[in-house]
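Heads up, the thing below is written out as structure tokens.
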Amino acid sequence: MKTIFWFRRDRRLQDNQALSFAASTSQELLPVFVLPTSSAEMSELRASSVVASILALDKSLPKGLELRHGEASVELGKICREFSGKRVVATRAFDTNGVIEQKAVREALAAINIELVLLGSYYAVEPGTVVKDDQTAVRVYTPFYKRWLQASVPEPFVLDAESAPWAPASKNIS
1373 MKTIFWFRRD RRLQDNQALS FAASTSQELL PVFVLPTSSA EMSELRASSV VASILALDKS
1433 LPKGLELRHG EASVELGKIC REFSGKRVVA TRAFDTNGVI EQKAVREALA AINIELVLLG
1493 SYYAVEPGTV VKDDQTAVRV YTPFYKRWLQ ASVPEPFVLD AESAPWAPAS KNIS
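If you count the sequence shown from 1, you need to add 1372 to reach our numbering.
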């Protein structure tokens, strides 16, 4: 299956559940980053940090990174059509803007019969997994930390980046 992997805030190749899943279940995998139109509003420091991380990611991918500028809900649909992608895989967001973006992307992709698969989290502990005895969220740091230490921690997800079925980026940023 041809898959688009949508890099968002989490631009790691290692210990990335969604990327490991995409690489292990795809025949061809196109890594994509969509720079949002709102990036023009970023501070100079933030913009510099994002650009540096995108360049580093591009260098670490054997066939480069597909980079687009615009709204993810529009750009991912275009990429799916160009690449003949059957699904988009990404790391799940839990922040308000990320959830809104996911919803817009899911709806846009569903309109063209493309599946959006969201896995994992940007965080060391996925929100909602460390809970009190009554199964409600722990809201104070010290009790959260103590329960986190008692929780079982899964092994990191390991990706052999050289062996993954990468597709060449058509608009490589290098």
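Here a beta-carbon is modelled for each residue, glycine too, at the ideal position from N, C-alpha and C.
Contact set for residue i: own chain, Cβ-Cβ below 8 Å, skip 5 residues either direction
{"i": "T1501", "result": "A1523"}
{"i": "R1453", "result": "I1484"}
{"i": "F1516", "result": "V1502, V1510"}
{"i": "P1528", "result": "Q1386, D1387"}
{"i": "D1505", "result": "none"}
Proximity below 8 Å, CB of residue i to CB of residue j
{"i": "G1457", "j": "K1374", "result": "yes"}
{"i": "L1401", "j": "P1537", "result": "yes"}
{"i": "K1435", "j": "P1540", "result": "yes"}
{"i": "I1472", "j": "I1376", "result": "no"}
{"i": "V1422", "j": "M1414", "result": "yes"}
{"i": "A1476", "j": "S1445", "result": "yes"}
{"i": "S1411", "j": "A1419", "result": "yes"}
{"i": "R1459", "j": "E1479", "result": "no"}
Close Cβ partners of residue i (< 7 Å) along its chain, the five nearest in sequence each way excluded
{"i": "L1385", "result": "L1391, S1432, L1531, A1533"}
{"i": "Q1474", "result": "A1465, L1490"}
{"i": "L1521", "result": "none"}
{"i": "S1535", "result": "none"}
{"i": "E1416", "result": "none"}
Heavy atom of the ligand SAH within 7 Å of residue i beta-carbon
{"i": "L1427", "result": "Absent from the structure shown: the ligand SAH. Ligands present: none."}
Proximity to residue i [Cα-Cα], best of the options
{"i": "P1408", "options": "L1488, L1401, S1542, L1439", "result": "L1439"}
{"i": "S1425", "options": "R1383, A1394, D1506", "result": "R1383"}
{"i": "E1443", "options": "L1481, D1387, R1459, L1427", "result": "L1481"}
{"i": "R1380", "options": "D1506, V1461, I1486, S1535", "result": "V1461"}
{"i": "V1497", "options": "E1416, S1411, Y1513, S1445", "result": "Y1513"}
{"i": "D1467", "options": "A1412, Y1494, L1429, T1508", "result": "Y1494"}
Proximal residues to residue i (C-beta, below 6 Å), its chain only, five neighbours per side dropped
{"i": "P1403", "result": "F1377, L1433, L1437"}
{"i": "F1393", "result": "L1491"}
TODO: Counting only runs of 4+ residues fully inside the stretch 1395-1452, write out the alpha helix (DSSP H) ranges in chain order.
DONE: If only uninterrupted alpha helix (DSSP H) runs of at least 4 residues are considered, those enclosed by the stretch 1395-1452 are 1416-1432.
TODO: List in chain order: all unbroken alpha helix (DSSP H) runs of 4+ residues lying wholly within the stretch 1468-1527.
DONE: The stretch 1468-1527 is shown to contain whole alpha helix (DSSP H) runs of 4 or more residues at 1468-1482, 1513-1522, in chain order.
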